[in-house]
Every structure is written in C-alpha cells, then in structure tokens.
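Numbering (the numbering used here), first residue to last: 6 to 101. Below is one structure, written out as structure tokens; the observations come after it.
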C-alpha cells in the first residue's frame with residue numbers, strides 16, 4: 006500500500022476535488038484488511054483508520070491481485086479478480 010501511495014500520479018487528479026479510495030483485501034490479516042487512500046490538494050495520504058467521508062471508490066481484491074495490477078498485469082482487472090465500486094468515470098480512471 007505504501008508503494009501505491011508513493012506512486013500515485015497526482016497530476017491525474019483534479020486539485021479542487023478530494024478523492025477517497027478504500028481498499029479491502031479479502032485475504033489479509035485482520036489489521037491489514039482495510040486501507041484508505043486520500044488524494045486532495047495535490048497530495049496523497051494513506052490511512053489505516055477510516056477517515057470518515059463516504060469513499061469515492063471501493064477496491065476489493067486479494068493482495069496478490071492488486072500486486073499484479075501494480076506491476077502492470079492488466080489481466081487481473083479484466084478477470085475481475087479486482088472489483089471496483091463507485092462512479093463509472095472514477096472507476097475507469099483509477100488505473101491510469
């Protein structure tokens with residue numbers, strides 16, 4: 006998750022809009038199952054505790070599936086091993 010936060014392409018996000026992405030890992034240990042990525046004001050922050058607002062997107066997957074996407078394997082997205090819930094445009098733009 007820290008790699009995801011570190012490599013967020015901030016230039017792809019509007020500076021006048023906050024985006025909250027919740028990650029749910031179906032196979033992680035109890036304290037590692039939920040993470041929140043907050044992108045706002047040109048920066049990104051990673052939270053282990055729910056920051057409160059309704060998420061813009063919810064990403065549900067195994068740790069392996071998200072790792073495969075992170076390393077460029079688009080097949081994990083196409084095979085639906087990773088499920089993204091939220092607005093259609095936000096979900097489509099997530100992997101840019």
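Note that CB positions come from ideal geometry on N, CA and C, so glycine has one too.
Starting from the Cα of residue i, find the closest Cα among the options and give me that residue.
i, options, result
"residue 40", "10, 15, 98", "10"
"residue 63", "84, 96, 52", "96"
"residue 76", "23, 51, 22, 100", "100"
"residue 90", "12, 35, 27", "27"
"residue 94", "51, 18, 54", "18"
Residues in the same chain with beta-carbon distance under 7 Å from residue i, minus the five sequence neighbours each way, listed in chain order, please.
i, result
"residue 25", "41, 43, 56, 58, 60, 61"
"residue 8", "75"
By Cβ distance, which residues of its chain are closer than 8 Å to residue i, with the 5 residues on each side in sequence left out?
i, result
"residue 15", "44, 47, 48, 49"
Please report the straight-line C-alpha distance between residue i and residue j, rounded to a whole angstrom.
i, j, result
"residue 92", "residue 74", "20 Å"
"residue 20", "residue 87", "27 Å"
Only counting the same chain, and skipping five residues up and downstream in sequence, which positions put a Cβ closer than 6 Å to that of residue i?
i, result
"residue 38", "30"
"residue 23", "45"
Inter-stretch contact at 8 Å, needing at least 3 Cβ pairs: the segment 29 to 49 / the segment 62 to 70: As far as the Cβ criterion goes, the segment 29 to 49 touches the segment 62 to 70, which means the pair count is three or higher.
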